[in-house]
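Quick notes on the structure that follows.
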Amino acid sequence: MLPDDRQSRIVLRCGFARDRPSGGLRYPRRVPVRVRFAPSPTGFLHVGGVRTALYNWVFARQSNGVFVLRIEDTDDERNREEWVTAIDESMRWVGLDWDERHRQSDRAELHATAAERLIASGRTYWCDCTRDAVDARAKERGGPPGYDGHCRELDKGPGPHTALRFRTPDDGETVVVDVVRGEPTFPNASIEDFIVVRATGKVMFVLANVVDDMDMAITHVIRGEEHLPTTPKYLLLWDALGGGERPVFAHLPVIVNEKRQKLSKRRDPVALELYRDEGYLPEVMLNFLALCGWSPPGDQERFTIDEMLALFRLEDVGKSPGFFDVAKLRAFNGDTIRAMSVEEFTDRAQPWLTGALAPWPADVYDADVFAAMAPLVQERVAVLSEVPGMIDFLLRDEVTIDDGDWEKAVKPDGVAQLLDELLVAWADVTWEHVPDEREPLKDTLFSIGEGLGLNKKRTQAPVRVAVTGRSVGPPLFESLVVLGRERTLERLRAARARL
RNA sequence: GGCCCCAUCGUCUAGCGGCCUAGGACACCACCCUCUCAAGGUGGCGGCACGGGUUCGAAUCCCGUUGGGGCUGCCA
Numbered sequence: 207m208l209p210d211d212r213q214s215r216i217v218l219r220c221g222f223a224r225d226r227p228s229g230g231l232r233y234p235r236r237v238p239v240r241v242r243f244a245p246s247p248t249g250f251l252h253v254g255g256v257r258t259a260l261y262n263w264v265f266a267r268q269s270n271g272v273f274v275l276r277i278e279d280t281d282d283e284r285n286r287e288e289w290v291t292a293i294d295e296s297m298r299w300v301g302l303d304w305d306e307r308h309r310q311s312d313r314a315e316l317h318a319t320a321a322e323r324l325i326a327s328g329r330t331y332w333c334d335c336t337r338d339a340v341d342a343r344a345k346e347r348g349g350p351p352g353y354d355g356h357c358r359e360l361d362k363g364p365g366p367h368t369a370l371r372f373r374t375p376d377d378g379e380t381v382v383v384d385v386v387r388g389e390p391t392f393p394n395a396s397i398e399d400f401i402v403v404r405a406t407g408k409v410m411f412v413l414a415n416v417v418d419d420m421d422m423a424i425t426h427v428i429r430g431e432e433h434l435p436t437t438p439k440y441l442l443l444w445d446a447l448g449g450g451e452r453p454v455f456a457h458l459p460v461i462v463n464e465k466r467q468k469l470s471k472r473r474d475p476v477a478l479e480l481y482r483d484e485g486y487l488p489e490v491m492l493n494f495l496a497l498c499g500w501s502p503p504g505d506q507e508r509f510t511i512d513e514m515l516a517l518f519r520l521e522d523v524g525k526s527p528g529f530f531d532v533a534k535l536r537a538f539n540g541d542t543i544r545a546m547s548v549e550e551f552t553d554r555a556q557p558w559l560t561g562a563l564a565p566w567p568a569d570v571y572d573a574d575v576f577a578a579m580a581p582l583v584q585e586r587v588a589v590l591s592e593v594p595g596m597i598d599f600l601l602r603d604e605v606t607i608d609d610g611d612w613e614k615a616v617k618p619d620g621v622a623q624l625l626d627e628l629l630v631a632w633a634d635v636t637w638e639h640v641p642d643e644r645e646p647l648k649d650t651l652f653s654i655g656e657g658l659g660l661n662k663k664r665t666q667a668p669v670r671v672a673v674t675g676r677s678v679g680p681p682l683f684e685s686l687v688v689l690g691r692e693r694t695l696e697r698l699r700a701a702r703a704r705l
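When the count follows the numbering used here, it moves up by one through the first sequence with no breaks and lands on 705 for the last residue.
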């Protein structure tokens with residue numbers, strides 16, 4: 207949390223990144239804080255992006271700063287309007303609200319003006335080398351790939367197939383002041399003369415980025431680590447455009463898959479909406495994503511957004527890549543579901559029961575049936591999309607019997623007789639099950655099983671499979687009471703006939 | 001290839017020179033509970049990549065090695 211001196215609304219002195227006696231990274235803490243999350247609408251919002259957005263959002267909120275959502279939609283080839291909507295929806299779903307929202311495509315004029323200023327400054331030159339020519343020359347001289355400065359002194363003017371390059375310094379170095387990484391330093395000689403304006407006249411990503419950050423008075427650039435290598439270019443442009451005090455950077459560790467590679471939209475299941483539809487809870491996603499790169503002091507792992515607001519410090523963000531561990535996410539989600547009141551659980555499961563995500567036609571659902579089963583279902587699901595599968599045998603007229611389960615549970619010797627006796631006994635037993643008190647259903651079943659030398663597991667298994675279709679599910683006797691005597695006996699008879 | 005980044009149980013992490021015989025969580029295993037599956041309870045397995053320094057003392061600081069990753073587009 208920022209101290210009270212934020213009120214001064216001026217640029218503050220440097221502070222210590224950590225309260226360690228041995229000192230630490232010094233970085234300016236400017237106020238008022240203005241941060242931005244800048245996704246490009248080339249696909250759904252992915253979990254790594256949400257993590258970045260979250261850190262930005264928290265950082266802004268805890269210092270009374272401004273959180274800017276900037277849609278970087280300057281790549282006509284890949285942008286789609288529907289993805290813009292998807293980003294907004296995803297952001298809303300997890301509750302990350304923005305104070306300002308901009309479309310980079312609306313700002314082309316500003317970018318063009320900046321490009322002109324760059325040209326006027328003499329720091330750029332025109333180049334009409336094709337990619338192939340650049341590669342060919344690199345290959346020829348046997349040097350590293352990349353642009354060789356071919357057109358530097360050729361004094362070419364703008365024209366078709368001609369792009370504008372920024373002339374990088376030949377010596378010196380550019381250091382990035384980074385709250386999480388220290389001060390990565392790049393020799394300027396290793397930075398090639400990069401393109402800032404395409405032959406089409408459109409400015410490139412770095413330039414647009416710099417111009418917008420400058421114009422929006424961004425104080426802290428919090429983004430993925432993959433942007434670190436382009437940061438020196440950013441800084442060179444920032445200075446060339448006279449941006450004044452540079453923003454402070456925080457390059458967040460990448461999130462990787464099980465193969466330790468950066469999460470990719472193409473090969474990994476990373477769309478936030480995927481998790482939403484599967485029944486992961488937004489607060490759990492946020493908690494889990496917060497942990498991808500940061501952890502509160504001590505052993506605490508579960509926290510609310512308010513707790514995170516109180517505890518989060520950018521300088522405590524870790525440096526090493528983190529694996530997106532869905533198993534752990536599931537565990538978190540299950541715990542959170544179990545911690546809910548039954549009312550809340552019922553409420554939040556509705557999309558999968560009666561909404562667009564429900565696996566059955568609207569008239570199949572019966573709220574009374576669900577109400578009777580809810581507490582039992584609640585402690586058995588890890589994600590909400592598993593809810594309908596727990597009770598479908600109670601709602602549908604037909605049960606689909608799992609072949610594997612049938613073989614294992616119903617085929618064994620003695621089951622036929624078990625079913626025969628059960629059909630008789632359950633025909634007039636009191637149809638109720640009150641654990642620890644009256645358990646007529648249970649008692650009759652197990653005494654028949656016992657008489658046939660079947661243990662409890664083997665006794666309940668065939669009944670479960672005959673009635674529910676599967677060998678796993680919610681507690682049997684409670685389910686039977688909801689199902690009712692007639693339908694239960696009907697299914698038992700069907701199973702007996704099938705044997 | 002070049003530049004940059006990273007390195008504690010299988011995974012995510014705590015650790016900020018002595019509280020470390022390295023703590024927690026997820027996963028896994030065993031047992032208990034039990035009508036199945038879960039949940040819950042108890043216990044267990046399991047780690048400071050390697051090599052040099054610095055220091056009375058290093059998981060912690062420095063250097064190197066190795067390993068992993070990112071970037072290297074007229075994409076963002």
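Don't be surprised by glycine CBs; every beta carbon is placed ideally from N, CA and C.
- Leaving aside the five residues before and after Glu379 along the sequence, list all residues of the same chain whose C-beta is less than 7 Å from its C-beta, in chain order. Here residue 379 refers to the residue found at position 173 of the first sequence. Contacts found: Thr391, Phe392, Pro393 and Asn394.
- Query: So what's Ile428 in DSSP terms, helix, strand or just coil?
  - Reply: Within the first sequence, the letter at position 222 stands for residue 428. The answer is strand: DSSP assigns Ile428 an E or B state.
- Own chain residues within Cβ distance below 7 Å of Pro375, not counting five before or after: On the first sequence, residue 375 is found 169 positions in, with the first residue counted as 1. Excluding sequence neighbours, Pro375 sits near Asn394.
- How is Tyr331 classed by DSSP in three states: helix, strand or coil? Taking the first residue of the first sequence as position 1, residue 331 is located at position 125. Three-state DSSP puts Tyr331 in a strand.
- Message: Can you tell me which residues form a DSSP beta bridge with Leu370?
- Response: Counting from 1 along the first sequence, the entry for residue 370 is found at position 164. For Leu370, which the question treats as bridged, DSSP gives the partners Trp332 and Val403.
- If Val253 sits next to Leu478, beta carbons under 8 Å apart, how far is it from one beta carbon to the other, in whole angstroms? Reading the first sequence from its first residue, position 47 is the one you call residue 253. Reading the first sequence from its first residue, position 272 is the one you call residue 478. So it is a contact: roughly 6 Å between Cβ atoms.
- Item | For Pro375, the three-state DSSP class (helix, strand or coil) | For the purposes of this step, residue 375 is identified with residue 169 of the first sequence, where counting begins at 1. Reduced to three states, the DSSP call for Pro375 is coil.
- Thinking just about the alpha-carbon of each residue, which of Phe372, Arg536, Gln310 and Phe551 is nearest to the one in Trp332? Counted from its first residue, the first sequence places residue 332 at position 126. Ranked by Cα distance from Trp332, the first of Phe372, Arg536, Gln310 and Phe551 is Phe372.
- Message: For Leu360 and Pro475, what's the separation of their Cα atoms in angstroms?
- Response: For the purposes of this step, residue 360 is taken as the residue at position 154 of the first sequence. For the purposes of this step, residue 475 is taken as the residue at position 269 of the first sequence. Taking the straight line joining both Cα atoms gives about 48 Å.
- Limits of the unbroken alpha helix (DSSP H) element including Ile293: Here residue 293 corresponds to residue number 87 of the first sequence, with the count starting at 1. Ile293 -> alpha helix (DSSP H) spans Glu287 to Val300.
- Task: Answer yes or no: do Arg544 and Leu447 have a C-beta to C-beta separation smaller than 8 Å?
- Result: Position 338 of the first sequence, counted from the first residue, corresponds to residue 544. Position 241 of the first sequence, counted from the first residue, corresponds to residue 447. No, the Cβ-Cβ distance between Arg544 and Leu447 is not below 8 Å.
- Query: Can you tell which of Glu451, Pro680, Pro668 and Leu686 has the C-alpha that lies nearest to the C-alpha of Leu705?
  - Reply: In the first sequence, counting from the first residue as 1, residue 705 sits at position 499. Residue Pro668 is the option with its Cα nearest to Leu705.
- Message: I'd like to know if the stretch 521-533 and the stretch 493-502 are in contact, where contact means that at least 3 CB-CB pairs between them fall below 8 Å.
- Response: yes
- Using only alpha-carbon positions, find the residue among Asp553, Met546, Asp603 and Asp541 that is nearest to Trp566. For the purposes of this step, residue 566 is identified with residue 360 of the first sequence, where counting begins at 1. Considering only alpha carbons, the answer is Asp603.
- Message: Within 10 Å of its beta-carbon, does Ala555 have 16 or more other beta-carbons around it, so buried, or fewer, so exposed?
- Response: As a working mapping, residue 555 is identified with position 349 in the first sequence. It is buried - the Cβ of Ala555 has at least 16 other Cβ atoms within 10 Å.
- Message: So if DSSP puts Lys617 in a beta bridge, which residue, or which two residues, is it bridged to?
- Response: Start at 1 with the first residue of the first sequence, and residue 617 comes out as number 411. Paired residue(s): none; Lys617 is not in a bridge.
- Message: Between the alpha carbons of Val340 and Pro438, how many angstroms are there, rounded?
- Response: Counting from 1 along the first sequence, the entry for residue 340 is found at position 134. Counting from 1 along the first sequence, the entry for residue 438 is found at position 232. So the two alpha carbons sit approximately 22 Å from each other.
- Item | Asp767 versus Glu585: straight-line alpha-carbon distance, rounded | Lying outside 207 to 705, the shown extent of the chain, residue 767 is not represented and no answer is given.
- Query: Should the stretch 266-281 be called in touch with the stretch 304-322, which here means at least 3 C-beta pairs below 8 Å?
  - Reply: yes
- In chain order, which beta strand (DSSP E) runs of at least 3 residues are fully inside the stretch 439-478? 454-458
- Alpha carbon to alpha carbon, what distance is there between Asp598 and Ala244? As a working note, residue 244 is residue 38 in the first sequence. As a working note, residue 598 is residue 392 in the first sequence. Distance between the alpha carbons of Ala244 and Asp598 is about 43 Å.
- Can Gly449 and Trp558 be called in contact, C-beta distance under 8 Å? For the purposes of this step, residue 449 is identified with residue 243 of the first sequence, where counting begins at 1. For the purposes of this step, residue 558 is identified with residue 352 of the first sequence, where counting begins at 1. No, these two residues do not count as a Cβ contact at 8 Å.
- DSSP on Phe530, reduced to helix/strand/coil? Counted from its first residue, the first sequence places residue 530 at position 324. In the structure shown, Phe530 sits in coil (DSSP, three-state: anything other than H, G, I, E or B).
- Query: Taking the Cβ atom as the reference point for each residue, do Val687 and Trp637 lie within a distance shorter than 8 Å?
  - Reply: The sequence position of residue 687 within the first sequence is 481, counting from 1. The sequence position of residue 637 within the first sequence is 431, counting from 1. Contact: yes.
- Taking the C-alpha atoms as reference points, what is the distance between Ala703 and Phe538? Walking along the first sequence from the start, residue 703 turns up at place 497. Walking along the first sequence from the start, residue 538 turns up at place 332. If I take the Cα positions, the gap works out to 44 Å.
- With DSSP as the reference, label Ile277 as helix, strand or coil. If you number the first sequence from 1, residue 277 lands on position 71. Ile277 falls in the strand class under three-state DSSP.
- Message: Given this structure, state the Cα-to-Cα distance separating Leu294 from Asp279, to the nearest angstrom.
- Response: What you label residue 294 is simply residue 88 of the first sequence in a count that begins at 1. What you label residue 279 is simply residue 73 of the first sequence in a count that begins at 1. The residue asked about is misnamed: residue 294 is Asp in this sequence, not Leu. Approximately 14 Å, taken between the alpha carbons.
- Identified DSSP bridge partners for Asp384: Taking the first residue of the first sequence as position 1, residue 384 is located at position 178. In the DSSP output, where bridge partners are listed per residue, Asp384 has Gly388 and Phe455.
- Query: Who does Glu398 pair with in a DSSP beta bridge?
  - Reply: Here residue 398 corresponds to residue number 192 of the first sequence, with the count starting at 1. Note: Glu398 sits in no beta bridge, so no partner.
- Query: In chain order, what residues of the same chain lie with their CB nearer than 7 Å to the CB of Leu582, ignoring the 5 residues before and after it?
  - Reply: For the purposes of this step, residue 582 is identified with residue 376 of the first sequence, where counting begins at 1. Excluding sequence neighbours, Leu582 sits near Pro680, Pro681 and Glu684.
- Grouping DSSP H, G and I as helix and E and B as strand, with all else coil, what is Pro393? Stepping through the first sequence from its first residue, residue 393 is reached at position 187. Three-state DSSP puts Pro393 in a strand.
- Query: Out of Ala588, Thr336 and Glu489, which has the shortest C-alpha to C-alpha gap to Gly301?
  - Reply: Stepping through the first sequence from its first residue, residue 301 is reached at position 95. Nearest of Ala588, Thr336 and Glu489 to Gly301, Cα basis: Glu489.
- Got a sec, what are the start and stop residues for the beta strand (DSSP E) Phe243 sits in? In the first sequence, counting from the first residue as 1, residue 243 sits at position 37. Unbroken beta strand (DSSP E) run through Phe243: Arg240 to Phe243.
- Item | Residue nearest to Ala266 in terms of C-alpha spacing, selected from Leu647, Glu549, Leu520 and Asp334 | By one-based count along the first sequence, residue 266 stands at place 60. With distances taken between Cα atoms, Ala266 lies closest to Leu520.
- Message: DSSP has Glu306 in a bridge; who is on the other side?
- Response: The count along the first sequence starts at 1 and reaches residue 306 at position 100. Answer is Val274.
- Which listed residue (Leu442, Glu507 and Asn262) has its alpha carbon closest to that of Asp377: In the first sequence, the residue the question calls residue 377 occupies position 171. Cα-wise, what sits closest to Asp377 is Leu442.
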